[in-house]
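Peer 1: Heads up: the sequence shown runs through residues 74 to 509, numbered per this note's numbering.
First the structure, which I've put down as structure tokens, then a few questions once you've had a look.
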Amino acid sequence: MSSSHSLAIDDESAPGCAVAAPSAARAASVWAPAHLGGLSEHLPVDLVDRALDATGKREVRVRMLPSRVVVYFVLALAMFPELGYRSVFTKLCLGTGALASVTGSALTQARRRIGVQPLRWLFDLLRGPAPCTTREGSWFRSYRICAIDGTILTLPDTTQIQTKYGKQAGNHGGTGYPQARMVALIACGTRTIIDAVFGPTSIGETTYTPALLPAMAPGMIILADRNFASAKLLHQIRAAGADFLVRVKNGRNLPVHRQLADPREGTARELMGLYHERWEIETAFREIKSTLLQGRVLRSRTVQLVEQEIYALLIVEQLLRTVMSEATNTVPGLDPDRASFTIALSTAKDLFILGPAASTRQPQHTGWQALAGTIGTHVLDRLLPKRRMRTGTRTVKRAISKHQARASKPHGPTRNATLSVEILNTGALLTPTAKA
């Protein structure tokens, strides 16, 4: 840094932060990284400030890393899991002209300072089903199609994290990393998150589910697999006003309460077809774990920061899914399933380095392009083909262990095969070879 610039660091700033301060432009630059590129329109700074005020995390004095900037930094970490703290913060500053001379330890301390609450507040505000103008996959009769299920997130193996999030036991020695269980309720048509809850894996999916009951409402039909076929839980869902379609185990005998002469709510065949929409939540989980996280273990090494990181992942997923829904809504009759999450994420990451100037509404665009925005335009330009019917034998295509894959017991269905051997006699006699 040039010697003609002095450093303005208040006594509460984390060590390792440095920003040049004499000019007004330099002083204002500490706020410049408060953006999320092309997603900023859906998460403006006044919304982040509301979250900080509501949770008491707004700073009293301007720091080198204002709390507003730290929130956007945490969300940026969710978009770039392959990069370290300083590299992500550099990307945050590239399109703003702000200085990026911040150490990794300063960024870690800034994350601790804001804690979990602002991210949880933002998720509570942003969650919910996005509007969808296409009924296919989104509505069944007058019901909004929703699904509930759980998934597992892998956490760093630190002593501090293990105080709350333990390792699961198993037949092969258990897991090598601590894990968190997340249970979510999504709108199947747009895959937007209606609500989610997470915690240790020692608590089961059905025990977490009652926390999602306030998000269930009349007009919803909740799809779930057989693990959710608990009489108590299903009564709670009905008490919340929602209907449900849940698969049960083959050996379970359910009493018939009454026969319905007129299937006004759907025939058995229609309901069986509807149940396949439950796979949308599996796709949503894959977007978070495989596309956003790229299959990685979460980066945070304390309980507080792990929970902050999980909320950041949920927020980024919701923002991208909202933008994608807005894009598909501009084309009448377009199934939201044809929008590519990978394209949306890739475009959002490309726009990120442009800074706040990467507005999703470009003035040179007209018609549906102006409505869809830059991210939406790229999504609509490279639509996925129509989805194939998701039916098939429940088999393991590739076992986790190569030894299991070579086991004598097959993984899929088999059928008997008959082999016949026919010996042909050519009439020629073989003579023994003479000994020397």
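For every residue, glycine included, the Cβ atom is placed at its ideal position computed from N, Cα and C.
Per DSSP, residue 271 forms a beta bridge with which residues?
Peer 2: Paired residues: 255.
Peer 1: Would you check if the stretch 214 to 234 and the stretch 250 to 270 touch, i.e. whether three or more CB-CB distances between them fall below 8 Å?
Peer 2: Judged by Cβ distances under 8 Å, the stretch 250 to 270 makes contact with the stretch 214 to 234, as three or more pairs qualify.
Peer 1: If you run the structure through DSSP and keep just helix, strand and coil, what is residue 249?
Peer 2: In the structure shown, residue 249 sits in coil (DSSP, three-state: anything other than H, G, I, E or B).
Peer 1: Is residue 224 helix, strand or coil by DSSP?
Peer 2: Correct three-state label for residue 224: strand.
Peer 1: Just the Cα atoms here: how many angstroms apart are residue 489 and residue 417?
Peer 2: Roughly 48 Å between the two C-alpha positions.
Peer 1: Quick one: Cα of residue 402 to Cα of residue 380, how far?
Peer 2: The alpha-carbon atoms of residue 402 and residue 380 are separated by roughly 33 Å.
Peer 1: Could you tell me whether any non-hydrogen atom of the ligand NAD is closer than 8 Å to the CB of residue 191?
Peer 2: You won't find the ligand NAD in this model; it holds no ligand whatsoever.
Peer 1: Tell me which residue opens and which closes the alpha helix (DSSP H) that residue 189 is part of.
Peer 2: Looking at the DSSP string, residue 189 is not in any alpha helix (DSSP H), and its letter there is neither H nor E.
Peer 1: Can you give me the Cβ contacts of residue 281 inside the same chain, cut-off strictly under 6 Å, excluding the 5 residues immediately before and after it?
Peer 2: Once the five neighbours on either side are set aside, the close Cβ partners of residue 281 are 256, 270.
Peer 1: For residue 321, collect the residues of the same chain with a Cβ closer than 8 Å to its Cβ; drop the 5 residues on either side in sequence, then sort them by chain order.
Peer 2: Here the set comprises 299, 302, 327.
Peer 1: For the beta strand (DSSP E) containing residue 316, list its first residue and its last residue.
Peer 2: It spans 316 to 319 - the beta strand (DSSP E) in which residue 316 sits, taken as one unbroken run.
Peer 1: Using a threshold of 9 Å, state whether the C-beta atoms of residue 155 and residue 369 are closer than that.
Peer 2: Yes, these two residues count as a Cβ contact at 9 Å.
Peer 1: Could you tell me whether any Cβ in chain D is nearer than 9 Å to the Cβ of residue 229?
Peer 2: The structure shown contains no chain D; it holds only a single protein chain.
Peer 1: In the DSSP assignment, find the unbroken alpha helix (DSSP H) run with residue 152 in it and report its ends.
Peer 2: Unbroken alpha helix (DSSP H) run through residue 152: 140 to 152.
Peer 1: Taking residue 147 as the reference, give the member of 170, 195, 317, 123 with the closest Cα.
Peer 2: Nearest of 170, 195, 317, 123 to residue 147, Cα basis: 195.
Peer 1: Tell me the DSSP secondary structure of residue 242 in three-state form.
Peer 2: In this structure, residue 242 counts as coil in the three-state DSSP scheme.
Peer 1: Could you give the distance in angstroms between the alpha-carbon of residue 105 and the alpha-carbon of residue 375?
Peer 2: Going from the Cα of residue 105 to the Cα of residue 375 covers about 28 Å.
Peer 1: Give the range of the beta strand (DSSP E) segment to which residue 297 is assigned.
Peer 2: Here the beta strand (DSSP E) through residue 297 covers 293 to 297.
Peer 1: Please state whether the Cβ-Cβ distance between residue 383 and residue 226 is less than 9 Å.
Peer 2: In this structure, residue 226 lies closer than 9 Å to residue 383 by Cβ.
Peer 1: With H, G and I counted as helix, E and B as strand and the rest as coil, what does DSSP make of residue 206?
Peer 2: Reduced to three states, the DSSP call for residue 206 is coil.
Peer 1: Let me make sure I understand the geometry here. Which of 202, 445, 267 has the alpha-carbon closest to that of residue 404?
Peer 2: Considering only alpha carbons, the answer is 445.
Peer 1: Is there contact between the stretch 324 to 343 and the stretch 181 to 199, where contact requires at least three CB pairs shorter than 8 Å?
Peer 2: Flag = no, the stretch 324 to 343 and the stretch 181 to 199 do not touch.
Peer 1: Let me check one thing: in DSSP terms, what residues is residue 212 bridge-paired to?
Peer 2: DSSP output for residue 212 lists 217 as bridge partner(s).
Peer 1: Would you list the residues sitting across from residue 265 in a DSSP beta bridge?
Peer 2: In DSSP, residue 265 forms a bridge with 260.
Peer 1: For residue 121, report the span of its alpha helix (DSSP H) as first-last.
Peer 2: Unbroken alpha helix (DSSP H) run through residue 121: 118 to 127.
Peer 1: How would you call residue 451, buried or exposed, if buried means at least 16 neighbouring beta carbons within 10 angstroms?
Peer 2: Answer is buried; the Cβ neighbour count reaches 16.
Peer 1: How many Å lie between residue 130 and residue 294 at the Cα?
Peer 2: Roughly 38 Å separates the two Cα atoms.
Peer 1: For residue 217, which of 292, 124, 178 has the nearest alpha-carbon?
Peer 2: Out of 292, 124, 178, 292 has the C-alpha closest to the C-alpha of residue 217.
Peer 1: Can you find at least 3 beta carbon pairs, one from the stretch 149 to 163 and one from the stretch 356 to 371, that sit closer than 8 Å?
Peer 2: Taking 8 Å as the limit for Cβ pairs, the verdict is that the stretch 356 to 371 does touch the stretch 149 to 163.
Peer 1: Run the CB neighbour count on residue 373, radius 10 Å, all protein chains shown included, and call it buried at 16 or more, exposed below.
Peer 2: Classification for residue 373: buried.
Peer 1: Using alpha carbons as the reference points, say which of 160, 128, 140 lies closest to residue 425.
Peer 2: Closest by alpha carbon: 160.
Peer 1: By alpha-carbon positions, which one of 447, 371, 457, 398 ends up nearest to residue 413?
Peer 2: The candidate whose alpha carbon is nearest that of residue 413 is 457.
Peer 1: Take residue 212 as the anchor and find which of 296, 275, 286, 236 has the nearest alpha-carbon.
Peer 2: Ranking 296, 275, 286, 236 by Cα distance to residue 212 puts 296 first.
Peer 1: Compare the Cα-Cα distances from residue 356 to each of 348, 319, 386, 264 and report the closest residue.
Peer 2: Nearest option by C-alpha distance: 264.
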